[in-house]
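2 protein chains.
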Amino acid sequence: MIRQEEPCYGRLSSTVPLEPKVETPLGTRLVASVTDDSNNNTMKNTLFDFISKYVSLTEDEKNAILALDLFRSVKKGTTLLKEGHKSQDSYFVLKGCIRIYYIMDGEEKTTAFYTEMDALTPHCVISKAPSEYFISCVEDSILTVSNSDMEVEINSKFPKFEIMCRILSEELLAKKQMDFDEFKTSSPEQRYLNLLQSRPDLIQRVPQHQLASFLGIKPQSLSRLRARILEKK
Amino acid sequence: MIRQEEPCYGRLSSTVPLEPKVETPLGTRLVASVTDDSNNNTMKNTLFDFISKYVSLTEDEKNAILALDLFRSVKKGTTLLKEGHKSQDSYFVLKGCIRIYYIMDGEEKTTAFYTEMDALTPHCVISKAPSEYFISCVEDSILTVSNSDMEVEINSKFPKFEIMCRILSEELLAKKQMDFDEFKTSSPEQRYLNLLQSRPDLIQRVPQHQLASFLGIKPQSLSRLRARILEKK
DNA sequence: CGTATTTCTTAACTTAAGTGAACGAGTTAT
DNA sequence: ATAACTCGTTCACTTAAGTTAAGAAATACG
Chain E
57 MIRQEEPCYG
67 RLSSTVPLEP
77 KVETPLGTRL
87 VASVTDDSNN
97 NTMKNTLFDF
107 ISKYVSLTED
117 EKNAILALDL
127 FRSVKKGTTL
137 LKEGHKSQDS
147 YFVLKGCIRI
157 YYIMDGEEKT
167 TAFYTEMDAL
177 TPHCVISKAP
187 SEYFISCVED
197 SILTVSNSDM
207 EVEINSKFPK
217 FEIMCRILSE
227 ELLAKKQMDF
237 DEFKTSSPEQ
247 RYLNLLQSRP
257 DLIQRVPQHQ
267 LASFLGIKPQ
277 SLSRLRARIL
287 EKK
Chain X
57 MIRQEEPCYG
67 RLSSTVPLEP
77 KVETPLGTRL
87 VASVTDDSNN
97 NTMKNTLFDF
107 ISKYVSLTED
117 EKNAILALDL
127 FRSVKKGTTL
137 LKEGHKSQDS
147 YFVLKGCIRI
157 YYIMDGEEKT
167 TAFYTEMDAL
177 TPHCVISKAP
187 SEYFISCVED
197 SILTVSNSDM
207 EVEINSKFPK
217 FEIMCRILSE
227 ELLAKKQMDF
237 DEFKTSSPEQ
247 RYLNLLQSRP
257 DLIQRVPQHQ
267 LASFLGIKPQ
277 SLSRLRARIL
287 EKK
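Residue numbers (the numbering used here), protein chains in the order written: chain E, 57 to 289; chain X, 57 to 289.
See below:
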């Protein structure tokens with residue numbers, strides 16, 4: 057049926073020695089993965105470039121962020137969050153792809169993909185209740201993983217971050233509403249064609265059956281729909 | 057086809073004299089409506105009760121908000137925002153109901169309803185581009201209407217508001233994702249039954265054809281679906 | 001390397017939504 | 001008062017998605 061995935065985390069070029077930990081209730085190990093410094097620097101720049109679109113940071117502020125040791129490399133298939141579990145972690149995708157999915161009647165329903173430059177604060181972090189859904193890695197990925205405490209700390213130290221978070225959330229909310237509107241007002245075929253325009257990469261890098269539920273249909277329907285589109289041309 | 061609606065605004069018990077204005081490109085009038093002080097006080101309390109869930113305000117801060125003269129009463133049918141127009145206005149519904157709708161192929165597609173205690177910052181305020189959609193009043197309503205400048209001013213004066221806006225946006229974003237997920241993973245019939253549970257008032261106060269597009273289907277399908285549900289029982 | 005598993009596609013059939021049209025009830029306009 | 005219009009419902013028909021099943025293609029794994 058559904059393959060069980062092994063959580064597997066790694067600090068990215070941390071100055072702190074890498075210690076394998078046993079942590080989750082299910083006893084799955086969090087293991088460090090192999091990384092290199094140039095990769096790490098690329099990721100730092102990616103993060104700071106993103107932030108600079110919202111606020112400009114001093115060196116002190118950049119160092120305060122780096123001191124939080126947020127970078128993690130995560131293997132394809134890793135489950136970051138499980139249904140029924142509590143979590144305080146928010147994610148920012150520097151490289152790779154993660155997804156939200158539900159298991160309903162023994163079937164996976166993928167509802168969202170997060171790729172490069174996408175930020176995700178799971179609902180359970182906000183509601184402080186057990187999670188309704190799973191989050192897992194579609195590809196080997198590099199993420200920042202930050203918990204609520206870190207954010208409270210950094211926000212109170214640097215009001216700039218508070219502002220950035222507000223602007224970012226407002227933007228994402230308005231965009232989510234637009235995506236939702238587009239979904240409601242179009243047919244599965246239109247949705248697929250639209251995705252082909254707006255996120256062509258997703259169709260390449262993501263399995264069809266995950267794409268299908270993302271489009272609100274069954275895998276068989278997506279297959280048929282694609283065939284229909286091809287013969288039209 | 058589609059009835060043209062007359063914009064019609066009114067300050068609520070304002071200290072400023074009520075001046076009818078001619079303002080929109082279409083030359084529609086913005087007229088004051090009849091209100092009374094007790095109503096006004098109720099609305100103030102509703103607003104401050106809402107805010108108090110996020111931050112606690114001093115009298116000074118409350119007065120600073122009141123000084124912005126945000127309250128407006130709006131008649132049923134009033135168009136608050138038109139497709140193609142730019143706007144800086146955000147809304148908070150104290151009483152009544154407003155909706156977002158698109159006009160596609162000469163047909164209205166309603167994608168969202170905002171009722172008591174709902175906040176709405178239109179996409180065009182964030183994107184600073186012309187609006188993709190309309191916003192209009194489903195019922196006679198009382199709103200707060202605030203523009204970006206006001207928010208910048210009040211946020212810089214009272215960092216508390218910045219924090220409140222951040223928390224609120226984060227909450228709304230997480231909730232919107234959940235609503236979107238529910239929509240994607242259920243059939244029109246399930247969506248209707250779910251709405252019956254979660255927002256039973258909406259089904260009473262909103263016309264069926266608006267509900268239909270909100271549920272992502274045609275009015276005929278909603279009618280049929282309701283009949284189907286009835287005969288099942 | 002070959003076997004097992006997962007993933008994708010195809011097909012036949014069922015079910016439900018889209019379409020176009022018609023009707024009655026209620027509302028608005030003249 | 002009547003004509004025009006909106007709104008919700010119903011019906012017949014079309015189209016597309018859900019379901020079940022089977023097989024091919026790709027991938028994972030021993």
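Here a beta-carbon is modelled for each residue, glycine too, at the ideal position from N, C-alpha and C.
Here the structure is a predicted model, which is why all the values come from computation and not from measurement.
Which residue's Cα is closest to the Cα of residue i: the options?
i: LEU122 of chain E; options: E:GLY133, E:VAL201 and E:GLY152; result: E:VAL201
i: VAL149 of chain X; options: X:HIS179, X:VAL130 and X:LYS231; result: X:VAL130
i: HIS179 of chain X; options: X:LYS118, X:THR135 and X:TYR189; result: X:TYR189
i: TYR157 of chain X; options: X:PHE239, X:CYS193 and X:ASN96; result: X:CYS193
i: GLU195 of chain X; options: X:PHE169, X:GLU163 and X:GLY133; result: X:GLY133
i: THR102 of chain E; options: E:MET173, E:LEU137, E:LYS165 and E:GLU117; result: E:MET173
i: THR171 of chain E; options: E:LYS165, E:GLU115 and E:ILE259; result: E:ILE259
i: LEU176 of chain E; options: X:THR114, X:LYS232 and X:TYR248; result: X:LYS232
i: LEU252 of chain E; options: E:ARG282, E:PHE214 and E:GLU164; result: E:ARG282
i: ASP116 of chain E; options: E:MET206, E:HIS141, E:LYS165 and E:PHE214; result: E:PHE214
i: MET206 of chain E; options: E:MET234, E:ALA120 and E:LYS109; result: E:ALA120
i: MET234 of chain X; options: E:SER183, E:GLN264, E:HIS265 and E:ASP257; result: E:SER183
Please tell me whether residue i has its Cβ less than 7 Å away from any Cβ of chain X.
i: THR241 of chain E; result: yes
i: MET234 of chain E; result: yes
i: GLU218 of chain E; result: yes
i: ALA123 of chain E; result: no
i: LEU249 of chain E; result: no
i: ILE273 of chain E; result: no
i: ILE154 of chain E; result: no
i: SER225 of chain E; result: yes
Would you kindly work out how many angstroms separate the C-alpha atoms of residue i and residue j, rounded to a whole number?
i: ALA185 of chain X; j: GLU139 of chain X; result: 11 Å
i: ARG128 of chain E; j: MET99 of chain E; result: 10 Å
i: VAL262 of chain E; j: THR167 of chain E; result: 13 Å
i: LEU267 of chain E; j: PHE236 of chain X; result: 15 Å
i: PHE217 of chain E; j: VAL111 of chain E; result: 8 Å
i: LEU286 of chain E; j: ILE273 of chain X; result: 26 Å
i: PRO73 of chain E; j: ASN96 of chain E; result: Any reading at PRO73 of chain E needs caution, since the residue's pLDDT is 38, under 50, leaving its predicted position unreliable; the model's value is listed next. Computed Cα separation, rounded: 16 Å.
i: LEU137 of chain X; j: PHE104 of chain E; result: 36 Å
i: PHE124 of chain E; j: ILE107 of chain E; result: Note that residue 124 of chain E is Leu in the sequence shown here, rather than Phe. Their backbone Cα atoms lie some 16 Å apart in a straight line.
i: LYS118 of chain E; j: ILE210 of chain E; result: 11 Å
i: SER254 of chain E; j: CYS221 of chain X; result: 29 Å
i: LYS165 of chain E; j: ASN250 of chain X; result: 18 Å
i: LEU113 of chain E; j: GLU163 of chain E; result: 45 Å
i: ARG85 of chain X; j: GLN264 of chain E; result: With a pLDDT of 30 at ARG85 of chain X, under the threshold of 50, the predicted position of this residue should be treated as unreliable, and no value is reported.
i: LEU82 of chain E; j: ASP257 of chain X; result: Note on LEU82 of chain E: pLDDT 28, under 50, position unreliable in the model; no value is reported.
i: SER94 of chain X; j: VAL208 of chain X; result: 30 Å
i: LEU126 of chain E; j: LEU126 of chain X; result: 41 Å
i: HIS141 of chain X; j: HIS141 of chain E; result: 45 Å
i: TYR248 of chain X; j: ARG284 of chain E; result: 30 Å
Is any beta-carbon of chain E found at less than 7 Å from that of residue i?
i: ALA283 of chain X; result: no
i: ARG222 of chain X; result: yes
i: THR167 of chain X; result: yes
i: PHE214 of chain X; result: no
i: ASP237 of chain X; result: yes
i: ALA268 of chain X; result: no
i: GLU164 of chain X; result: no
i: LEU136 of chain X; result: no
i: HIS265 of chain X; result: no
i: HIS141 of chain X; result: no
i: ILE182 of chain X; result: yes
i: ALA185 of chain X; result: no
i: LEU228 of chain X; result: yes
Residue i and residue j look like a contact to me (Cβ under 8 Å); what is the Cβ gap, rounded to whole Å?
i: ILE219 of chain X; j: GLY152 of chain X; result: The Cβ separation is near 28 Å, so there is no contact.
i: ILE159 of chain X; j: ILE191 of chain X; result: Rounded, the Cβ-Cβ distance is 13 Å, inconsistent with contact.
i: VAL181 of chain X; j: SER212 of chain X; result: Not really, about 18 Å apart at Cβ, beyond 8 Å.
i: SER146 of chain E; j: SER187 of chain E; result: 13 Å between Cβ atoms; not a contact.
i: PHE239 of chain X; j: PHE169 of chain X; result: With a Cβ gap of about 14 Å, PHE239 of chain X and PHE169 of chain X do not count as contacting.
Would the C-beta of residue i count as close to the ligand MG, meaning under 6 Å from any of its heavy atoms?
i: SER129 of chain E; result: Questions concerning the ligand MG fall outside what the structure shown contains, since it holds no ligand whatsoever.
Stretch pair the stretch 213 to 225 of chain E + the stretch 225 to 233 of chain X: three plus CB contacts closer than 8 Å: By the criterion of at least three beta-carbon pairs nearer than 8 Å, the stretch 213 to 225 of chain E is in contact with the stretch 225 to 233 of chain X.
Would you check if there are 3 or more beta carbon pairs closer than 8 Å linking the stretch 242 to 249 of chain X to the stretch 277 to 287 of chain X? Short answer: they touch.
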